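K.L.:
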Amino acid sequence: MLCALLICNMLGGGHLTRAMALRDGEQRYGVYEKTHEITSLPAENIYKTLRVTLMASENVTYCGASHFYTLLGWQDDFGVPLDCSDGESIHAGWWDMARNGVVRDIFYWGRVDDAAVDSAVIERYRAVSQDENGDYTFEKREAFAAELIEDGDYRYFLTGGVATEANYGDYGWDRVYFVDAMPRAQKCCAMRSSGR
């Protein structure tokens with residue numbers, strides 16, 4: 232029975248562990264350096280066993296999603312790498328996940344190389360009205376901190392989760408602000424996105 236399960240697993244593209252599935256995804260998206268896991272979060276609104284995982288190496292930060300199928304084991308769903316070898320002090324990305332055409336989860340992630348940055352805040356703005364000229368009025372729907380996780384010489388963040396109808400929409404934007412410890416200054420970072 233176990234042999235049959237392993238054969239089914241291999242033929243279906245499944246993996247015995249989540250790490251193996253993530254490595255498969257990294258290679259598919261062009262990450263060939265050895266990485267290690269920084270942190271992960273569940274995305275249970277999409278699938279009960281879906282996890283979003285932040286992986287890192289010296290030159291790449293990779294955020295990938297994988298989930299467990301009963302007969303196939305762990306499978307890679309998708310991922311996005313960030314090239315961190317370009318000398319920039321901050322690299323960030325985001326993606327939203329949908330199921331049946333409805334956005335259910337949004338995640339923000341990245342790496343901070345600037346030692347002066349001591350916190351990160353994500354602000355979400357959405358359109359609340361449109362005038363007769365077609366111009367929109369926006370309001371800040373929410374703001375929340377992204378915990379910075381120290382790992383070696385770098386700090387990383389992975390945050391997000393459930394996207395309610397009130398804080399998600401077609402018209403609006405999200406910003407990640409990185410705040411210096413001294414003096415209190417903010418840096419806004421453009422994020423690489425991947426909607427799913």
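Going by our numbering, the sequence shown opens with residue 232, and the numbers climb by one from there.
Think of the CB as a built atom: it goes at the ideal place given N, C-alpha and C, for glycine as much as any other residue.
Nothing here was measured: the structure is a model prediction, and the numbers come from that model.
1. Rounded C-beta distance between L272 and G403? I'm assuming under 8 Å.
2. Does the Cβ-Cβ distance between T284 and L253 come in under 8 Å?
3. CB T292 to CB R342, shorter than 8 Å?
4. Output the distance between the C-alpha atoms of G318 and Y385, rounded to the nearest integer angstrom.
5. Distance, Cα to Cα, F388 vs T248?
6. So what does G310 bridge to, in DSSP terms?
7. Measuring only the C-alpha atoms, how far is Y278 from L302?
8. Assuming I269 contacts D411 under a Cβ cut-off of 8 Å, what Cβ separation, rounded to an integer in Å, is found between them?
9. Report all residues from its chain with a CB closer than 6 Å to the CB of A376; omit the five preceding and five following residues, and keep chain order.
P.N.:
On the basis of the supplied data:
1. Not really, about 22 Å apart at Cβ, beyond 8 Å.
2. yes
3. yes
4. 13 Å
5. 23 Å
6. G295
7. 15 Å
8. Rounded, the Cβ-Cβ distance is 23 Å, inconsistent with contact.
9. V352
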